[in-house]
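Undergrad: Pasting a structure below so you can have a look.
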Amino acid sequence: MEARAPSGEIGRARPDARTRRFLAGCGRFTGDTRPVGALHACFLRSPHANARILKIDAQAARRAPGVEAVFLSDDLARACKSWRTVSTAFPGLVSPTQRPLAQDRVAFQGEPVALVVAESRALAEDAAELIEVEYEPLPAMADYRRGLEEDAPLAHPETGSNRAWSLDVATGDVEAAFAQAACVVEDEIVFSRHTGVPLEPRTILASFDPSAQRLEARISHQMPHQMQAHLADLLDLPMSRVRVVAADVGGGFGVKMHVYPEEIAVCAATRLLGRSVLFVADRVESMLSDVHAREHVVRARMAVSDEGRITAFDIDDLHGIGAYSVYPRSSTMETVMAIRAMGAPYRFEAYRARANVVFQNKAMTGQYRSVGHPIAATVTERLVDRAARALGVDPLAFRRANYVRPQDMPLVNPAGLRLLDLSHEACLDRMMALLDYEALRGEIEEGRASGRIIGLGFAAFVEMTASGTEVYGQAGVPVAAVDTVTLALEPDGSLKAAASVAEIGQGIGQGIAQILAEGVGVPVESVEVALGDTASAPHGGGAWSSRGAAIGGEAAWGAARKLRGAILEVAAALTQEAADALDIVAGGVVDASGRERMTLRALAETVHFRGHELPEGVQAQLAVAHSYRRERDAAIPTNGIQASLVEIDGDTGIIRCRKHWVVEDCGRVVNPLLVDGQIRGGVVQGLGAALFEECRYDGAGEFLSASLADYLLPMAFETPDIEIAHVETPYSGSVIGAKGAGECGTCAAAAAFLNAVNDAIAPQGASISATPVTPERVLRALGRINGEGAP
41 MEARAPSGEI
51 GRARPDARTR
61 RFLAGCGRFT
71 GDTRPVGALH
81 ACFLRSPHAN
91 ARILKIDAQA
101 ARRAPGVEAV
111 FLSDDLARAC
121 KSWRTVSTAF
131 PGLVSPTQRP
141 LAQDRVAFQG
151 EPVALVVAES
161 RALAEDAAEL
171 IEVEYEPLPA
181 MADYRRGLEE
191 DAPLAHPETG
201 SNRAWSLDVA
211 TGDVEAAFAQ
221 AACVVEDEIV
231 FSRHTGVPLE
241 PRTILASFDP
251 SAQRLEARIS
261 HQMPHQMQAH
271 LADLLDLPMS
281 RVRVVAADVG
291 GGFGVKMHVY
301 PEEIAVCAAT
311 RLLGRSVLFV
321 ADRVESMLSD
331 VHAREHVVRA
341 RMAVSDEGRI
351 TAFDIDDLHG
361 IGAYSVYPRS
371 STMETVMAIR
381 AMGAPYRFEA
391 YRARANVVFQ
401 NKAMTGQYRS
411 VGHPIAATVT
421 ERLVDRAARA
431 LGVDPLAFRR
441 ANYVRPQDMP
451 LVNPAGLRLL
461 DLSHEACLDR
471 MMALLDYEAL
481 RGEIEEGRAS
491 GRIIGLGFAA
501 FVEMTASGTE
511 VYGQAGVPVA
521 AVDTVTLALE
531 PDGSLKAAAS
541 VAEIGQGIGQ
551 GIAQILAEGV
561 GVPVESVEVA
571 LGDTASAPHG
581 GGAWSSRGAA
591 IGGEAAWGAA
601 RKLRGAILEV
611 AAALTQEAAD
621 ALDIVAGGVV
631 DASGRERMTL
641 RALAETVHFR
651 GHELPEGVQA
661 QLAVAHSYRR
671 ERDAAIPTNG
681 IQASLVEIDG
691 DTGIIRCRKH
701 WVVEDCGRVV
711 NPLLVDGQIR
721 GGVVQGLGAA
731 LFEECRYDGA
741 GEFLSASLAD
751 YLLPMAFETP
761 DIEIAHVETP
771 YSGSVIGAKG
781 AGECGTCAAA
791 AAFLNAVNDA
801 IAPQGASISA
811 TPVTPERVLR
821 ALGRINGEGA
831 P
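Read left to right, the sequence shown gives residues 41 to 831 (my numbering).
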C-alpha cells in the first residue's frame with residue numbers, strides 16, 4: 041500500500057468553499073429552477089390509512105382552469121412500471137407491489153391517489169379538491185405491537201400476515217451464560233417513530249424530449265446515479281438517455297436516498313405530456329410521506345459474570361416498518377443493523393437475537409442517519425448502566441473492564457461484526473480528561489444534596505460506516521458501492537475534477553478538493569470539483585453510509601497520484617531530469633534542491649497547445665480516472681463515547697441538557713472543521729429523537745404530527761454546548777486511513793441522554809425506558825402525577 045506523507049491539506053480545517061455562496065442567498069436548489077412553460081404537480085392523497093378505492097371521478101378537475109392533465113394509476117401505467125423490493129440478503133422478505141399512484145386500495149394516510157398537473161401549484165391544488173373518490177374504509181393496522189396477533193387487522197390483506205420478515209441470530213451457549221451469571225439485567229425499551237426533516241423538501245423537476253427520447257430529472261436526492269438507473273428501468277429507457285442532476289441539495293439524512301412514488305409519477309407525467317413538470321413537497325406532504333424510522337420495542341437481557349465481565353446478550357426486537365418495504369434497499373436494513381451492532385463496544389461470548397418486522401398502515405420507514413445504530417447503542421448502554429448500578433461499580437470503570445481492546449482485534453464478534461482499528465480505551469481517557477470526571481461527579485453530588493435533580497450519562501458506540509459491495513451488491517440490489525474520481529490538468533494549471541460522491545450539505549466537495557490538492561501538490565484554491573450530475577460525474581454511490589472521505593476520498597487520492605505521476609513524466613521529458621528527482625510543490629515542478637523548474641501552467645500550455653515541443657514518443661496523459669473498491673472489509677467500524685449532563689425540573693418535568701461531549705475516532709480527519717460540524721448536527725438530531733421528535737398516529741392510523749407545530753424539533757434554546765475531541769486511529773485498509781464521520785453524532789446521543797436522565801432520577805427510585813423523554817413521562821416516573829407509570 042502506498043505510504044502518504046503527512047501534510048498539507050489533509051487534516052487542515054477549512055470552511056466549505058460553497059459557504060459564502062449560500063450565505064449570500066445564491067444557492068440554487070431544485071425548486072429554484074423554473075423553465076419557461078413548466079407545469080406544476082399536486083397530488084391528491086388518501087385521507088384513510090387502509091381503504092378500498094371504489095370509484096374516482098376526476099372530470100371536474102380536468103375541466104378546472106389552468107389544468108393540463110389529471111392522471112390516475114391506469115394513466116401512468118402507460119409510461120412506467122410498478123416495482124417491488126427484492127433482496128436475497130433477506131430470505132423470505134414479503135414486499136407488496138408499489139405504483140406511482142394507488143390502484144384499487146390505499147395502505148396509509150397520505151398515499152398518492154391522483155396527480156394533477158396545472159399552470160401553477162395553486163391551480164393544481166384547487167383542481168385536486170374537485171376530484172371525488174369513493175372509499176370503503178378497512179380496519180387499520182396501526183399498533184405494531186399487535187401486528188403478529190391472530191386477530192390483528194392486516195395491513196395488506198393479500199399477504200395473509202403482517203410479518204414482513206424475521207431474523208434469528210445465535211452464537212455460543214446463551215442459556216448457560218445466563219444460568220451461570222452472577223448478575224442479570226434486563227429492560228424493555230420503546231423507541232418512537234421519527235423522521236429526518238431536511239430543510240429542503242423532496243423536489244423534482246422533470247423534462248422529456250420526445251424527439252430524442254431523453255429524460256432529464258433535476259432532483260433533491262442523495263444518489264443521482266441510483267436514480268438514473270431506477271428511472272431508466274421503471275420508464276423503460278436506456279440509462280444513456282436519462283440525466284439526473286442533484287446540484288444544491290438542502291439536506292438528506294437518508295430521507296432522500298430512496299425511490300418515492302411521487303418522483304416516478306412526475307417523470308411519467310412529463311413523458312406523457314412532453315412538458316416540464318415541477319413537484320415541490322410542502323411540509324405536510326413531507327411529514328406524511330417521507331420515510332420515517334426507528335419504531336421499535338426491544339426486550340433485552342445481559343449476563344455478567346462474578347468477575348464483572350459481560351458474557352451474553354439476549355435480544356428480542358419488534359420493528360414496525362409501515363405500509364411497504366422501501367425501494368430499493370428495503371426497510372429491514374434498520375433491523376439488521378440494530379441486531380448486528382448490539383454490544384459492539386464490548387467483549388462477550390454468547391449472543392441470541394430474534395427480530396420480527398411487521399407491516400403497518402403508516403408511512404414507510406427506511407434508512408435514516410446512523411441506520412439502526414441508535415437502537416443498538418441505547419439498548420446496550422442502558423443494560424451496561426443497569427449492570428454497573430447493580431454491581432455498585434463506576435459506570436466508566438465497568439465499561440473499561442469490558443471494552444474490546446486493541447490486542448483483541450481484528451475479531452468477528454458473536455453478533456457478526458468484524459471489528460478492527462478501534463480505540464475505546466483511548467477515547468474513554470480523553471473523555472474523562474474533557475469532563476474532569478471526578479470533579480464533575482463531585483459537583484453533581486453537591487447539587488443533589490441541595491435538592492437538584494442532576495444526572496450524567498455515557499454511551500460508548502461502534503458504528504459501521506462506508507459500506508462496501510457486500511452489503512447490497514451480493515444481495516442483487518443495484519446500489520453502487522464503488523466510487524470514481526476523474527481529474528484533469530487544465531491549460532491554466534488548475535485542476536478540474538468530477539466525483540461520483542454527492543454533496544448534500546456535508547461538505548464532501550471541499551474534502552475531495554483538499555485530498556486532490558495534497559495528492560498532486562497544488563493549492564486547494566486551484567482545484568474545482570463537480571458533483572451530482574450524471575452527465576459529467578462518473579458512476580458511483582452518491583451520499584450514504586458516511587462514505588465520502590473513506591471511499592470517495594480514496595478514489596480522489598488515487599486519481600491525484602496518477603495525475604501527479606503523469607505530470608512528472610512530462611516534466612522529466614522537458615527538463616531532461618529523472619522523474620523521481622522532481623516534485624510538485626505549490627503548483628510548480630521543483631527539482632531536488634527545491635528550485636522551481638516550471639509552473640504547472642507552463643507545462644499544461646506546452647501539452648495542450650504546443651505538443652510539437654515534446655520529445656518524440658512522449659504522449660502526455662493529463663486527464664486520469666481512478667475507481668476505488670474496498671477489498672477487505674464489508675464496512676469500516678468507527679468508535680467513540682458520548683456524555684450528556686442534564687438537569688430536571690421536578691415540578692414541570694422539563695429536562696435541560698446542560699452540556700454534551702463527544703470523543704470520536706473516525707480515523708484520519710480530512711477537515712476537522714467540517715467533521716465537527718457533522719458531529720454537532722448529528723448530536724442535535726439524536727437529542728431531538730430523545731427529547732421531542734415523534735411521528736404520532738392514532739389507533740385508526742391517522743397521522744397526528746403533520747406540521748412542525750406538532751412534530752417538535754430542537755431549536756437553538758434547547759441545544760446544549762457540544763464539545764468535541766478526536767482520537768485518530770487510521771483505518772488500516774486504505775491509504776488515507778479515513779473512516780466514516782457523518783453519522784456518529786446521531787449514533788449515541790440519545791443513549792447518553794437517556795442514561796443521564798436515568799442517572800438523575802435513580803436516587804428517587806425511578807427509571808424511564810422510552811423515547812421521547814417527555815415531561816409527562818418524567819413526572820409519571822417521579823410519581824408527581826397520577827396514572828400509569830412511564831414505560
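Glycine included, each C-beta is placed from N, C-alpha and C at the ideal position.
Could you have a look at ALA43 and say whether DSSP puts it in helix, strand or coil?
TA: Below a pLDDT of 50, predicted positions are generally treated as unreliable, and ALA43, at 49, falls in that range; no measurement from the model is reported.
Undergrad: DSSP state of TRP597, grouped into three classes?
TA: TRP597 falls in the helix class under three-state DSSP.
Undergrad: Is the distance from the Cβ of MET471 to the Cβ of ALA683 below 9 Å?
TA: Yes, these two residues count as a Cβ contact at 9 Å.
Undergrad: Please go through the same chain and pick out, in chain order, the residues whose beta-carbon is closer than 7 Å to the beta-carbon of GLN268, but skip the five residues on each side of it.
TA: Here the set comprises MET279, VAL282, VAL284, THR574.
Undergrad: Could you work out which residue in CYS735, VAL107, GLY721 is closest to GLU763 when comparing CA atoms only?
TA: Checking every option, the nearest Cα to that of GLU763 belongs to GLY721.
Undergrad: Pull up the CB-CB distance for SER316 and GLY77, whole angstroms please, since I reckon it's below 8 Å.
TA: Indeed, because the Cβ distance is near 7 Å, the residues count as touching under 8 Å.
Undergrad: Going by C-alpha distance, which of GLY362, VAL522, GLU226 is nearest ALA180?
TA: Of the listed residues, the one whose Cα sits closest to ALA180 is GLY362.
Undergrad: Extract the residue ranges of the alpha helix (DSSP H) inside the region 268-341, only unbroken runs of 4 or more that lie entirely within it.
TA: Qualifying alpha helix (DSSP H) stretches, in chain order: 301-313, 323-329.
Undergrad: In this structure, how does DSSP classify VAL397 when only helix, strand and coil are distinguished?
TA: Reduced to three states, the DSSP call for VAL397 is strand.
Undergrad: Under the assumption that VAL703 contacts ALA781 (Cβ atoms under 8 Å), give the Cβ distance between them as a whole number of angstroms.
TA: Their Cβ separation, rounded to whole angstroms, is 13 Å, which puts VAL703 and ALA781 out of contact at 8 Å.
Undergrad: Can you round the beta-carbon distance between ILE415 and LEU207 to whole angstroms, since I take them to be within the 8 Å contact cut?
TA: Wrong, their Cβ atoms sit about 14 Å apart, outside the cutoff.
Undergrad: Grab the span of the beta strand (DSSP E) containing TYR367 for me, first residue to last.
TA: Taken as a continuous stretch (DSSP letters only), TYR367 belongs to no beta strand (DSSP E), as it is neither H nor E.
Undergrad: Is it buried or exposed for GLY132, if we count other Cβ within 10 angstroms and need 16 for buried?
TA: Exposed, by the Cβ-count rule.
Undergrad: Identify every run of the beta strand (DSSP E) within the region 533-573, keeping only runs that are complete inside it and at least 3 residues long; order them along the chain.
TA: Within the region 533-573, the complete beta strand (DSSP E) runs of at least 3 residues are 535-539, 567-570.
Undergrad: Who are the Cβ neighbours of GLY805 in its own chain at under 7 Å, not counting the five residues just before and after it?
TA: Contacts found: none.
Undergrad: Taking the beta strand (DSSP E) that ARG254 falls in, what are its first and last residues?
TA: Here the beta strand (DSSP E) through ARG254 covers 254-259.
Undergrad: For GLU256, which option in THR211, LEU239, ARG311 has the closest C-alpha, if you only look at C-alpha atoms?
TA: Closest option to GLU256, Cα to Cα, is ARG311.
Undergrad: Would you please state the rounded distance, in angstroms, between the beta carbons of LEU727 and CYS706? I believe it to be under 8 Å.
TA: At roughly 20 Å, the Cβ-Cβ gap does not stay under 8 Å, so LEU727 and CYS706 are not in contact.
Undergrad: Does DSSP put ASP761 in a helix, in a strand, or in coil?
TA: Residue state, collapsed to three classes: strand.
Undergrad: Run through DSSP, which three-state label would ASP425 get?
TA: In this structure, ASP425 counts as helix in the three-state DSSP scheme.
Undergrad: Which same chain residues, not among the five before or five after ALA343, have their C-beta less than 6 Å away from its C-beta?
TA: Around ALA343: ALA217, PHE218, ALA221, VAL224, THR351, ALA352.
Undergrad: Inspect the beta-carbon positions of ASN798 and ARG422 and report whether they are closer than 9 Å.
TA: Result yes, Cβ atoms of ASN798 and ARG422 sit closer than 9 Å.
Undergrad: Three or more beta-carbon pairs under 8 Å between the region 245-259 and the region 429-438, yes or no?
TA: No: the two stretches stay apart, fewer than three of their Cβ pairs being nearer than 8 Å.
Undergrad: Among ARG635, ARG641, ALA619, which residue has its Cα nearest to the Cα of GLY627?
TA: Checked all of ARG635, ARG641, ALA619; the closest Cα to GLY627 is ARG641.
Undergrad: If you drop the 5 nearest sequence neighbours on each side, which residues of the same chain put their C-beta closer than 8 Å to that of ILE96?
TA: Excluding residues within five positions, the ones whose Cβ falls inside 8 Å are LEU112, VAL153, ALA154, ILE171, GLU172, VAL173, GLU174.
Undergrad: By Cβ distance below 6 Å, which residues in the same chain neighbour ARG139 in space, the five residues on each side in sequence not counted?
TA: For ARG139, where only same-chain residues beyond five positions count, the Cβ hits under 6 Å are SER113, SER122.
Undergrad: Could you give the C-beta distance for ARG604 and ILE591, rounded to a whole number, given that I count them as a contact under 8 Å?
TA: At roughly 21 Å, the Cβ-Cβ gap does not stay under 8 Å, so ARG604 and ILE591 are not in contact.
Undergrad: Alpha carbon to alpha carbon, how far is GLY291 from GLY547? Give it in angstroms, no decimals.
TA: Taking the straight line joining both Cα atoms gives about 11 Å.
Undergrad: Taking C-alpha atoms, which residue in MET373, VAL710, ASP523, VAL338 lies nearest to ASP356?
TA: Checked all of MET373, VAL710, ASP523, VAL338; the closest Cα to ASP356 is VAL338.
Undergrad: Examine chain C for any beta-carbon lying closer than 9 Å to the beta-carbon of ALA730, and answer yes or no.
TA: Of the protein chains in this structure there is only one, and it is not chain C.
Undergrad: Take the Cβ of PRO518 as the centre, count every other Cβ of all protein chains shown within 10 Å, and call the residue buried at 16 or more, exposed below.
TA: Exposed.
Undergrad: Among the residues of its own chain, which have a CB less than 7 Å from the CB of ALA542, if the five just before and after it don't count?
TA: The residues are GLN262, MET263, PRO264, ALA286, LEU571, GLY572, GLY582, ALA583.
Undergrad: Can you name the start and end residues of the alpha helix (DSSP H) that ARG31 belongs to?
TA: Within the shown structure, residues of the chain are numbered from 41 to 831, placing residue 31 beyond reach of any answer.
Undergrad: By a C-beta neighbour count over all protein chains shown, 10 Å radius and 16 as the cutoff for buried, is GLY200 buried or exposed?
TA: Flag for GLY200 reads exposed.
Undergrad: For the structure I just gave you, are there three or more beta carbon pairs, one from the region 464-479 and one from the region 547-557, closer than 8 Å?
TA: No, they do not touch.
Undergrad: Among the residues of its own chain, which have a CB less than 7 Å from the CB of SER86, if the five just before and after it don't count?
TA: Contacts found: ALA142, VAL146, GLN149, GLY150, GLU151, VAL153.
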